[in-house]
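Working notes for the structure below.
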Amino acid sequence: MTSNAELDATAAPSGHDHVPVLLVEDDDGDALLVEELLREVDAPVVVKRARSLGQATTLVSQAACVLLDLGLPDSQGLQGLKRLLGLEPQVAVVVLTGQASEHLGEQAVRAGAQDYLVKGEVAGPMLHRVIRYAVERRRAEEAQRELRIAQVLAEENSRLERGLLPSPLLADGRLSVSARGHAGGQQHLLGGDFYDVVEAADGWVHALIGDVCGRGPAEAALGVCLRVAWRTLVLAGRPADEILATLNQLLEHERQDDTMFATLCMVSVAPDRSTGWVRMAGHLPPLLVARGGVLELQTPTAPPLGLGRVQHWPGTQVRLDGSWSVLLYTDGLIEGRIGQGSERLGSEALMELIRQALRAGPPASIGNGEAGAAGPPVDGQLLDRVIGHVRELNGGDLDDDLAILALGYSPGR
6 MTSNAELDAT
16 AAPSGHDHVP
26 VLLVEDDDGD
36 ALLVEELLRE
46 VDAPVVVKRA
56 RSLGQATTLV
66 SQAACVLLDL
76 GLPDSQGLQG
86 LKRLLGLEPQ
96 VAVVVLTGQA
106 SEHLGEQAVR
116 AGAQDYLVKG
126 EVAGPMLHRV
136 IRYAVERRRA
146 EEAQRELRIA
156 QVLAEENSRL
166 ERGLLPSPLL
176 ADGRLSVSAR
186 GHAGGQQHLL
196 GGDFYDVVEA
206 ADGWVHALIG
216 DVCGRGPAEA
226 ALGVCLRVAW
236 RTLVLAGRPA
246 DEILATLNQL
256 LEHERQDDTM
266 FATLCMVSVA
276 PDRSTGWVRM
286 AGHLPPLLVA
296 RGGVLELQTP
306 TAPPLGLGRV
316 QHWPGTQVRL
326 DGSWSVLLYT
336 DGLIEGRIGQ
346 GSERLGSEAL
356 MELIRQALRA
366 GPPASIGNGE
376 AGAAGPPVDG
386 QLLDRVIGHV
396 RELNGGDLDD
406 DLAILALGYS
416 PGR
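Per the numbering used here, residue 6 is the first one in the sequence shown, and the count goes up by one each step.
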(Lines of atoms letter the chains of each structure in order from A and count residues from 1; the text may use other names and numbers.)
(Lines give C-alpha, C1' and ligand atoms only; values in the text may rest on other atoms or scores of the structure.)
Protein backbone atom coordinates (compact mmCIF):
# COMPACT_ATOMS: atom_id res chain seq x y z
CA MET A 1 0.00 0.00 0.00
CA THR A 2 1.18 3.51 -0.80
CA SER A 3 0.41 6.13 1.87
CA ASN A 4 0.47 9.92 1.88
CA ALA A 5 0.03 11.55 5.26
CA GLU A 6 -0.05 15.11 3.99
CA LEU A 7 -2.81 16.72 1.88
CA ASP A 8 -0.48 17.98 -0.85
CA ALA A 9 1.63 14.82 -1.09
CA THR A 10 1.59 13.03 -4.44
CA ALA A 11 0.73 9.33 -4.57
CA ALA A 12 3.48 7.04 -5.76
CA PRO A 13 2.97 5.36 -9.14
CA SER A 14 0.78 2.29 -8.91
CA GLY A 15 -0.70 -0.39 -11.17
CA HIS A 16 -4.02 -0.05 -12.89
CA ASP A 17 -5.65 -2.26 -10.22
CA HIS A 18 -4.74 0.06 -7.34
CA VAL A 19 -7.80 1.79 -5.93
CA PRO A 20 -7.43 5.51 -5.16
CA VAL A 21 -8.75 6.05 -1.64
CA LEU A 22 -9.36 9.39 0.07
CA LEU A 23 -9.11 9.24 3.86
CA VAL A 24 -10.91 12.19 5.46
CA GLU A 25 -9.67 12.19 9.05
CA ASP A 26 -8.48 15.02 11.29
CA ASP A 27 -6.93 12.78 13.97
CA ASP A 28 -3.35 11.78 13.14
CA GLY A 29 -3.51 8.66 15.30
CA ASP A 30 -6.68 7.36 13.70
CA ALA A 31 -5.30 8.13 10.24
CA LEU A 32 -2.11 6.21 11.01
CA LEU A 33 -4.15 3.26 12.28
CA VAL A 34 -6.15 3.06 9.05
CA GLU A 35 -2.99 3.16 6.96
CA GLU A 36 -1.39 0.43 9.07
CA LEU A 37 -4.46 -1.81 8.76
CA LEU A 38 -4.31 -1.57 5.00
CA ARG A 39 -0.54 -2.02 4.93
CA GLU A 40 -0.79 -5.21 7.00
CA VAL A 41 -2.91 -6.93 4.34
CA ASP A 42 -0.92 -5.37 1.48
CA ALA A 43 -4.12 -3.85 0.12
CA PRO A 44 -3.75 -2.62 -3.49
CA VAL A 45 -4.80 0.94 -2.69
CA VAL A 46 -3.27 4.40 -2.89
CA VAL A 47 -4.34 6.56 0.03
CA LYS A 48 -4.51 10.33 0.10
CA ARG A 49 -5.51 12.12 3.27
CA ALA A 50 -7.57 15.23 3.91
CA ARG A 51 -7.77 16.73 7.41
CA SER A 52 -11.04 18.58 6.84
CA LEU A 53 -14.10 18.49 4.66
CA GLY A 54 -12.93 21.60 2.82
CA GLN A 55 -9.70 19.85 1.89
CA ALA A 56 -11.62 16.72 0.92
CA THR A 57 -13.74 18.62 -1.60
CA THR A 58 -10.61 19.42 -3.59
CA LEU A 59 -9.51 15.76 -3.73
CA VAL A 60 -12.75 13.76 -3.95
CA SER A 61 -12.81 13.83 -7.75
CA GLN A 62 -9.58 11.77 -7.77
CA ALA A 63 -10.93 9.03 -5.49
CA ALA A 64 -12.85 5.84 -6.19
CA CYS A 65 -13.59 5.40 -2.47
CA VAL A 66 -13.75 7.82 0.45
CA LEU A 67 -13.23 6.79 4.08
CA LEU A 68 -15.08 9.56 5.90
CA ASP A 69 -15.01 10.52 9.57
CA LEU A 70 -18.26 12.16 10.69
CA GLY A 71 -16.57 14.41 13.25
CA LEU A 72 -14.43 16.96 11.40
CA PRO A 73 -13.39 20.52 12.24
CA ASP A 74 -15.70 21.94 9.59
CA SER A 75 -18.40 19.26 9.43
CA GLN A 76 -20.42 17.20 11.89
CA GLY A 77 -22.76 14.29 11.35
CA LEU A 78 -23.97 13.55 7.84
CA GLN A 79 -23.24 17.02 6.46
CA GLY A 80 -19.91 15.95 5.01
CA LEU A 81 -21.35 12.80 3.45
CA LYS A 82 -24.10 14.74 1.68
CA ARG A 83 -21.68 17.42 0.48
CA LEU A 84 -19.16 14.97 -0.98
CA LEU A 85 -21.88 12.97 -2.75
CA GLY A 86 -23.30 16.21 -4.08
CA LEU A 87 -19.91 17.03 -5.60
CA GLU A 88 -19.16 13.50 -6.89
CA PRO A 89 -22.27 11.31 -7.03
CA GLN A 90 -20.27 8.40 -8.53
CA VAL A 91 -17.79 8.06 -5.64
CA ALA A 92 -18.18 5.25 -3.10
CA VAL A 93 -18.25 6.62 0.46
CA VAL A 94 -17.64 4.47 3.54
CA VAL A 95 -18.32 6.13 6.87
CA LEU A 96 -15.54 5.39 9.38
CA THR A 97 -16.38 6.94 12.72
CA GLY A 98 -16.04 6.49 16.44
CA GLN A 99 -19.80 6.67 17.01
CA ALA A 100 -21.16 3.13 17.45
CA SER A 101 -24.76 3.97 16.58
CA GLU A 102 -26.93 1.65 14.51
CA HIS A 103 -29.42 4.46 13.95
CA LEU A 104 -26.69 6.76 12.62
CA GLY A 105 -25.41 3.95 10.43
CA GLU A 106 -28.85 3.45 8.92
CA GLN A 107 -29.14 7.18 8.29
CA ALA A 108 -25.73 7.22 6.61
CA VAL A 109 -26.65 4.37 4.27
CA ARG A 110 -29.96 6.03 3.42
CA ALA A 111 -28.04 9.22 2.65
CA GLY A 112 -25.87 7.38 0.13
CA ALA A 113 -23.00 5.77 2.07
CA GLN A 114 -21.98 2.31 0.91
CA ASP A 115 -21.15 1.12 4.44
CA TYR A 116 -20.74 2.23 8.07
CA LEU A 117 -17.73 1.16 10.14
CA VAL A 118 -16.82 1.91 13.75
CA LYS A 119 -13.22 2.71 14.63
CA GLY A 120 -11.64 0.12 16.86
CA GLU A 121 -13.92 -2.63 15.55
CA VAL A 122 -12.30 -2.95 12.14
CA ALA A 123 -9.46 -5.29 11.15
CA GLY A 124 -7.31 -4.96 8.05
CA PRO A 125 -8.94 -7.73 5.99
CA MET A 126 -12.39 -6.39 6.79
CA LEU A 127 -11.46 -2.82 5.87
CA HIS A 128 -9.90 -3.94 2.59
CA ARG A 129 -12.97 -6.04 1.75
CA VAL A 130 -15.36 -3.17 2.55
CA ILE A 131 -13.42 -0.82 0.27
CA ARG A 132 -13.45 -3.30 -2.63
CA TYR A 133 -17.14 -4.12 -2.21
CA ALA A 134 -18.09 -0.45 -1.86
CA VAL A 135 -16.31 0.45 -5.09
CA GLU A 136 -17.86 -2.47 -7.01
CA ARG A 137 -21.35 -1.76 -5.66
CA ARG A 138 -21.04 1.88 -6.67
CA ARG A 139 -19.89 0.88 -10.15
CA ALA A 140 -22.81 -1.54 -10.44
CA GLU A 141 -25.24 1.13 -9.28
CA GLU A 142 -23.85 3.60 -11.82
CA ALA A 143 -24.08 1.00 -14.59
CA GLN A 144 -27.69 0.30 -13.66
CA ARG A 145 -28.44 4.02 -13.59
CA GLU A 146 -26.93 4.50 -17.05
CA LEU A 147 -28.85 1.47 -18.31
CA ARG A 148 -32.13 2.88 -17.00
CA ILE A 149 -31.40 6.23 -18.64
CA ALA A 150 -30.58 4.50 -21.92
CA GLN A 151 -33.81 2.49 -21.74
CA VAL A 152 -35.89 5.58 -21.07
CA LEU A 153 -34.22 7.43 -23.94
CA ALA A 154 -34.75 4.45 -26.25
CA GLU A 155 -38.44 4.33 -25.33
CA GLU A 156 -38.81 8.08 -25.86
CA ASN A 157 -37.02 7.88 -29.21
CA SER A 158 -39.19 4.96 -30.25
CA ARG A 159 -42.34 6.93 -29.48
CA LEU A 160 -41.00 9.93 -31.38
CA GLU A 161 -40.03 7.77 -34.35
CA ARG A 162 -43.51 6.26 -34.50
CA GLY A 163 -44.89 9.78 -34.49
CA LEU A 164 -42.53 10.98 -37.21
CA LEU A 165 -42.86 7.92 -39.46
CA PRO A 166 -46.50 6.82 -39.39
CA SER A 167 -48.48 4.23 -41.32
CA PRO A 168 -50.22 5.64 -44.41
CA LEU A 169 -53.98 6.06 -44.31
CA LEU A 170 -55.19 4.83 -47.72
CA ALA A 171 -58.38 3.22 -49.08
CA ASP A 172 -57.57 3.19 -52.80
CA GLY A 173 -55.95 -0.17 -53.63
CA ARG A 174 -54.35 1.28 -56.76
CA LEU A 175 -52.07 3.40 -54.59
CA SER A 176 -48.92 2.29 -52.81
CA VAL A 177 -46.57 3.96 -50.36
CA SER A 178 -42.89 3.23 -49.78
CA ALA A 179 -40.84 5.27 -47.35
CA ARG A 180 -37.46 5.30 -45.68
CA GLY A 181 -36.13 7.40 -42.81
CA HIS A 182 -32.58 7.35 -41.43
CA ALA A 183 -30.95 9.36 -38.68
CA GLY A 184 -27.67 10.93 -39.75
CA GLY A 185 -24.34 11.27 -38.01
CA GLN A 186 -22.17 8.78 -36.18
CA GLN A 187 -24.29 8.96 -33.03
CA HIS A 188 -27.57 8.42 -34.90
CA LEU A 189 -29.42 11.13 -33.03
CA LEU A 190 -33.12 11.41 -33.59
CA GLY A 191 -33.91 14.05 -36.19
CA GLY A 192 -36.76 16.27 -37.25
CA ASP A 193 -37.60 14.73 -40.64
CA PHE A 194 -41.22 13.58 -40.92
CA TYR A 195 -43.73 12.42 -43.51
CA ASP A 196 -47.32 11.26 -43.86
CA VAL A 197 -49.89 10.11 -46.44
CA VAL A 198 -53.66 10.45 -45.95
CA GLU A 199 -56.61 9.75 -48.22
CA ALA A 200 -59.48 12.09 -47.35
CA ALA A 201 -63.17 11.22 -47.45
CA ASP A 202 -63.59 13.06 -50.77
CA GLY A 203 -61.02 10.80 -52.48
CA TRP A 204 -58.17 13.31 -52.58
CA VAL A 205 -54.85 11.85 -51.44
CA HIS A 206 -52.42 14.14 -49.67
CA ALA A 207 -48.74 13.41 -49.06
CA LEU A 208 -46.44 15.45 -46.83
CA ILE A 209 -42.74 15.54 -46.10
CA GLY A 210 -41.05 18.00 -43.75
CA ASP A 211 -37.78 18.80 -42.09
CA VAL A 212 -37.41 20.67 -38.81
CA CYS A 213 -34.05 22.43 -38.86
CA GLY A 214 -31.67 20.72 -36.46
CA ARG A 215 -31.32 17.23 -35.02
CA GLY A 216 -32.39 16.01 -31.60
CA PRO A 217 -35.38 15.35 -29.34
CA ALA A 218 -36.70 18.94 -29.46
CA GLU A 219 -36.73 18.97 -33.26
CA ALA A 220 -38.23 15.48 -33.38
CA ALA A 221 -40.99 16.45 -30.94
CA LEU A 222 -41.82 19.51 -33.03
CA GLY A 223 -41.90 17.35 -36.16
CA VAL A 224 -44.36 14.96 -34.51
CA CYS A 225 -46.53 17.90 -33.48
CA LEU A 226 -46.62 19.28 -37.03
CA ARG A 227 -47.30 15.91 -38.63
CA VAL A 228 -50.18 15.04 -36.30
CA ALA A 229 -51.71 18.50 -36.76
CA TRP A 230 -51.40 18.13 -40.55
CA ARG A 231 -53.13 14.73 -40.54
CA THR A 232 -55.92 16.08 -38.33
CA LEU A 233 -56.55 19.07 -40.58
CA VAL A 234 -56.51 16.90 -43.73
CA LEU A 235 -59.03 14.47 -42.25
CA ALA A 236 -61.17 17.44 -41.22
CA GLY A 237 -61.34 18.46 -44.88
CA ARG A 238 -59.68 21.85 -44.47
CA PRO A 239 -58.27 23.58 -47.62
CA ALA A 240 -54.53 23.50 -48.24
CA ASP A 241 -53.96 27.21 -47.57
CA GLU A 242 -55.63 26.93 -44.18
CA ILE A 243 -53.70 23.76 -43.33
CA LEU A 244 -50.31 25.29 -44.05
CA ALA A 245 -51.12 28.60 -42.38
CA THR A 246 -52.26 26.73 -39.28
CA LEU A 247 -49.05 24.68 -39.22
CA ASN A 248 -47.06 27.90 -39.47
CA GLN A 249 -48.91 29.34 -36.49
CA LEU A 250 -48.54 26.10 -34.54
CA LEU A 251 -44.80 25.99 -35.09
CA GLU A 252 -44.40 29.53 -33.79
CA HIS A 253 -46.23 28.56 -30.59
CA GLU A 254 -44.60 25.15 -30.05
CA ARG A 255 -40.93 25.74 -30.90
CA GLN A 256 -38.42 26.13 -28.09
CA ASP A 257 -36.83 29.28 -29.51
CA ASP A 258 -37.29 31.70 -32.38
CA THR A 259 -34.50 30.13 -34.44
CA MET A 260 -36.38 26.89 -35.08
CA PHE A 261 -38.10 26.55 -38.45
CA ALA A 262 -39.32 23.80 -40.76
CA THR A 263 -39.48 23.22 -44.50
CA LEU A 264 -42.16 21.08 -46.05
CA CYS A 265 -43.64 19.88 -49.32
CA MET A 266 -47.28 18.87 -49.78
CA VAL A 267 -48.62 16.95 -52.77
CA SER A 268 -52.36 16.53 -53.30
CA VAL A 269 -53.64 14.03 -55.88
CA ALA A 270 -57.16 14.30 -57.32
CA PRO A 271 -59.62 11.39 -57.03
CA ASP A 272 -59.16 10.50 -60.72
CA ARG A 273 -55.35 10.20 -60.04
CA SER A 274 -54.56 12.05 -63.28
CA THR A 275 -53.79 15.47 -61.80
CA GLY A 276 -52.35 16.87 -58.63
CA TRP A 277 -51.15 19.98 -56.83
CA VAL A 278 -47.71 20.69 -55.40
CA ARG A 279 -47.14 23.23 -52.62
CA MET A 280 -43.80 23.98 -50.98
CA ALA A 281 -42.56 25.96 -48.01
CA GLY A 282 -38.83 26.37 -48.46
CA HIS A 283 -38.50 22.71 -49.41
CA LEU A 284 -37.00 20.76 -52.29
CA PRO A 285 -39.35 20.06 -55.21
CA PRO A 286 -40.65 16.48 -55.47
CA LEU A 287 -39.75 14.15 -58.33
CA LEU A 288 -42.17 12.55 -60.75
CA VAL A 289 -41.20 9.11 -62.02
CA ALA A 290 -43.31 8.00 -65.01
CA ARG A 291 -42.72 6.18 -68.30
CA GLY A 292 -39.09 5.58 -67.38
CA GLY A 293 -38.38 9.28 -66.94
CA VAL A 294 -37.59 11.39 -63.86
CA LEU A 295 -38.33 15.09 -63.60
CA GLU A 296 -38.71 17.74 -60.92
CA LEU A 297 -42.17 19.14 -60.24
CA GLN A 298 -41.22 22.79 -59.99
CA THR A 299 -43.59 25.19 -58.23
CA PRO A 300 -43.37 28.64 -56.62
CA THR A 301 -42.21 28.28 -53.03
CA ALA A 302 -43.23 30.15 -49.89
CA PRO A 303 -40.86 30.75 -46.95
CA PRO A 304 -40.27 27.90 -44.51
CA LEU A 305 -42.64 27.61 -41.56
CA GLY A 306 -41.56 29.87 -38.75
CA LEU A 307 -39.84 32.48 -40.93
CA GLY A 308 -42.76 34.77 -41.58
CA ARG A 309 -46.53 35.01 -41.53
CA VAL A 310 -47.84 33.55 -44.79
CA GLN A 311 -51.52 33.20 -45.60
CA HIS A 312 -51.34 32.12 -49.23
CA TRP A 313 -49.34 29.09 -50.31
CA PRO A 314 -49.00 29.12 -54.10
CA GLY A 315 -49.30 25.76 -55.75
CA THR A 316 -48.80 24.30 -59.20
CA GLN A 317 -51.11 21.83 -60.88
CA VAL A 318 -49.31 18.84 -62.41
CA ARG A 319 -50.37 16.20 -64.90
CA LEU A 320 -50.11 12.55 -63.84
CA ASP A 321 -50.48 10.05 -66.68
CA GLY A 322 -50.75 6.28 -66.47
CA SER A 323 -48.62 4.56 -63.88
CA TRP A 324 -46.56 7.00 -61.85
CA SER A 325 -44.67 7.63 -58.60
CA VAL A 326 -44.10 10.93 -56.84
CA LEU A 327 -40.99 11.07 -54.66
CA LEU A 328 -40.77 13.55 -51.80
CA TYR A 329 -37.47 13.76 -49.92
CA THR A 330 -35.50 15.85 -47.45
CA ASP A 331 -32.17 17.54 -48.15
CA GLY A 332 -30.16 14.94 -46.23
CA LEU A 333 -30.46 12.69 -49.28
CA ILE A 334 -28.65 15.09 -51.62
CA GLU A 335 -26.19 16.80 -49.27
CA GLY A 336 -23.86 13.83 -49.07
CA ARG A 337 -20.37 14.32 -50.52
CA ILE A 338 -19.12 12.90 -53.79
CA GLY A 339 -15.72 11.40 -53.09
CA GLN A 340 -13.12 13.11 -50.91
CA GLY A 341 -13.85 16.68 -51.95
CA SER A 342 -16.48 19.16 -50.85
CA GLU A 343 -18.80 18.61 -53.82
CA ARG A 344 -22.33 17.59 -52.85
CA LEU A 345 -24.60 15.17 -54.66
CA GLY A 346 -27.43 17.58 -55.56
CA SER A 347 -30.83 16.94 -57.09
CA GLU A 348 -29.62 16.40 -60.67
CA ALA A 349 -27.28 13.60 -59.61
CA LEU A 350 -30.05 12.09 -57.48
CA MET A 351 -32.34 11.95 -60.50
CA GLU A 352 -29.60 10.21 -62.47
CA LEU A 353 -29.18 7.64 -59.70
CA ILE A 354 -32.91 6.94 -59.89
CA ARG A 355 -32.73 6.58 -63.68
CA GLN A 356 -29.85 4.12 -63.32
CA ALA A 357 -31.81 2.12 -60.75
CA LEU A 358 -34.80 2.00 -63.08
CA ARG A 359 -32.64 0.86 -66.01
CA ALA A 360 -31.19 -1.90 -63.85
CA GLY A 361 -34.57 -3.61 -63.99
CA PRO A 362 -37.92 -3.41 -62.27
CA PRO A 363 -37.71 -4.20 -58.57
CA ALA A 364 -39.50 -7.19 -57.18
CA SER A 365 -42.89 -6.81 -55.58
CA ILE A 366 -43.17 -4.35 -52.74
CA GLY A 367 -42.52 -6.03 -49.43
CA ASN A 368 -41.41 -5.31 -45.91
CA GLY A 369 -44.94 -4.53 -44.79
CA GLU A 370 -45.43 -1.60 -47.17
CA ALA A 371 -48.82 -0.76 -48.60
CA GLY A 372 -49.76 -2.13 -51.97
CA ALA A 373 -48.21 -4.60 -54.41
CA ALA A 374 -46.07 -4.40 -57.52
CA GLY A 375 -47.07 -1.90 -60.20
CA PRO A 376 -45.70 1.65 -59.95
CA PRO A 377 -42.09 2.22 -60.99
CA VAL A 378 -40.76 2.98 -57.48
CA ASP A 379 -40.96 0.72 -54.45
CA GLY A 380 -39.02 0.16 -51.25
CA GLN A 381 -36.31 -1.92 -52.88
CA LEU A 382 -35.55 0.83 -55.38
CA LEU A 383 -35.40 3.36 -52.54
CA ASP A 384 -32.93 1.14 -50.69
CA ARG A 385 -30.85 0.84 -53.85
CA VAL A 386 -30.73 4.61 -54.33
CA ILE A 387 -29.90 5.30 -50.67
CA GLY A 388 -27.16 2.69 -50.85
CA HIS A 389 -25.61 4.42 -53.87
CA VAL A 390 -25.80 7.79 -52.11
CA ARG A 391 -23.95 6.35 -49.11
CA GLU A 392 -21.32 4.76 -51.31
CA LEU A 393 -20.64 8.10 -52.98
CA ASN A 394 -20.41 9.73 -49.55
CA GLY A 395 -17.95 7.11 -48.33
CA GLY A 396 -20.19 5.99 -45.47
CA ASP A 397 -23.12 7.15 -43.38
CA LEU A 398 -24.56 10.55 -44.19
CA ASP A 399 -24.10 13.44 -41.78
CA ASP A 400 -27.69 14.65 -41.95
CA ASP A 401 -31.00 12.88 -41.42
CA LEU A 402 -32.86 11.80 -44.50
CA ALA A 403 -36.41 10.85 -45.34
CA ILE A 404 -37.83 9.78 -48.67
CA LEU A 405 -41.45 9.02 -49.49
CA ALA A 406 -42.75 7.44 -52.71
CA LEU A 407 -46.47 7.66 -53.48
CA GLY A 408 -47.21 5.38 -56.42
CA TYR A 409 -50.24 4.72 -58.62
CA SER A 410 -50.96 1.84 -60.98
CA PRO A 411 -54.35 2.04 -62.77
CA GLY A 412 -54.44 -1.67 -63.58
CA ARG A 413 -54.34 -2.88 -59.99
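By construction, the Cβ of each residue, glycine as well, lies at the ideal position given by its N, Cα and C atoms.
**OP:** Would you kindly report the start and end of the unbroken beta strand (DSSP E) that includes D263?
**Re:** Counted from its first residue, the sequence shown places residue 263 at position 258. No beta strand (DSSP E) contains D263, which DSSP labels as neither H nor E.
**OP:** With distances taken Cα to Cα, identify the nearest neighbour of L256 among I248, F266, D277.
**Re:** Indexing the sequence shown from 1 puts residue 256 at position 251. When each option's Cα is compared against that of L256, the closest is F266.
Original post:
Going by DSSP, which residues form a beta bridge with R324?
Top reply: Along the sequence shown, read from residue 1 onward, the residue named residue 324 stands at position 319. Beta-bridge pairing links R324 to T280.
Original post:
How would you label Q119, buried or exposed, when you count the other beta carbons within 10 angstroms and need 16 or more for buried?
Top reply: As a position in the sequence shown, residue 119 is number 114, starting the count at 1. Buried.
Subject >> Entirely enclosed alpha helix (DSSP H) segments - the stretch 95-136, minimum 4 residues >> reply: 107-115
**OP:** Would you kindly work out how many angstroms separate the C-alpha atoms of G377 and A411, rounded to a whole number?
**Re:** Within the sequence shown, numbered from 1, the residue matching residue 377 stands at position 372. Within the sequence shown, numbered from 1, the residue matching residue 411 stands at position 406. With a pLDDT of 38 at G377, under the threshold of 50, the predicted position of this residue should be treated as unreliable, and no value is reported.
Original post:
From G110 to Q149, what distance separates their C-alpha atoms?
Top reply: In the sequence shown, the residue the question calls residue 110 occupies position 105. In the sequence shown, the residue the question calls residue 149 occupies position 144. The alpha-carbon atoms of G110 and Q149 are separated by roughly 24 Å.
Original post:
According to DSSP, which residues form a beta bridge with I248?
Top reply: Your numbering for residue 248 matches position 243 in the sequence shown. According to DSSP, which records beta bridges pairwise, I248 is partnered with nothing at all.
Original post:
With a Cβ-Cβ cutoff of 8 Å, do G129 and E45 count as a contact?
Top reply: Here residue 129 corresponds to residue number 124 of the sequence shown, with the count starting at 1. Here residue 45 corresponds to residue number 40 of the sequence shown, with the count starting at 1. For G129 and E45, yes; Cβs fall inside 8 Å.
Original post:
Grouping DSSP H, G and I as helix and E and B as strand, with all else coil, what is P339?
Top reply: Residue numbering aside, residue 339 sits at position 334 when the sequence shown is read from its first letter. With the sequence shown as reference, residue 339 is identified as Ile, and Pro is not the correct amino acid for it. Coil, per DSSP.
Original post:
Is G82 helix, strand or coil when you go by DSSP?
Top reply: Against the sequence shown, residue 82 aligns to sequence position 77. Here G82 sits in coil by DSSP.
**OP:** Helix, strand or coil for P416, going by three-state DSSP, please let me know.
**Re:** The count along the sequence shown starts at 1 and reaches residue 416 at position 411. The answer is coil: DSSP assigns P416 none of H, G, I, E or B.
**OP:** Taking 8 Å as the cut-off, decide whether the C-beta atoms of Y200 and A184 are in contact.
**Re:** The residue you call residue 200 lines up with position 195 of the sequence shown. The residue you call residue 184 lines up with position 179 of the sequence shown. In this structure, A184 lies closer than 8 Å to Y200 by Cβ.
Subject >> Exposure of G186, with buried meaning 16 or more beta-carbon neighbours within 10 Å >> reply: As a position in the sequence shown, residue 186 is number 181, starting the count at 1. Label assigned to G186: buried.
Subject >> Collapsed DSSP secondary structure at R232 in the structure displayed >> reply: Counting from 1 along the sequence shown, the entry for residue 232 is found at position 227. Looking at R232 - three-state DSSP - the assignment turns out to be helix.
**OP:** Please report how far the alpha carbon of L28 lies from the alpha carbon of E147, in whole angstroms.
**Re:** Position 23 of the sequence shown, counted from the start, is the residue given in the question as residue 28. Position 142 of the sequence shown, counted from the start, is the residue given in the question as residue 147. Each residue's Cα considered, the two are about 22 Å apart.
Original post:
G341: which of Q261, A116, L398 sits nearest, CA to CA?
Top reply: The residue you call residue 341 lines up with position 336 of the sequence shown. Out of Q261, A116, L398, L398 has the C-alpha closest to the C-alpha of G341.
Original post:
Got a sec: is the Cβ-Cβ distance from E151 to anything in chain B below 8 Å?
Top reply: Structure shown: chain B not included; a single protein chain is present.
Subject >> Limits of the beta strand (DSSP E) - the one that G297 falls within >> reply: Translated into positions along the sequence shown, residue 297 becomes position 292. No beta strand (DSSP E) holds G297; DSSP gives it neither H nor E.
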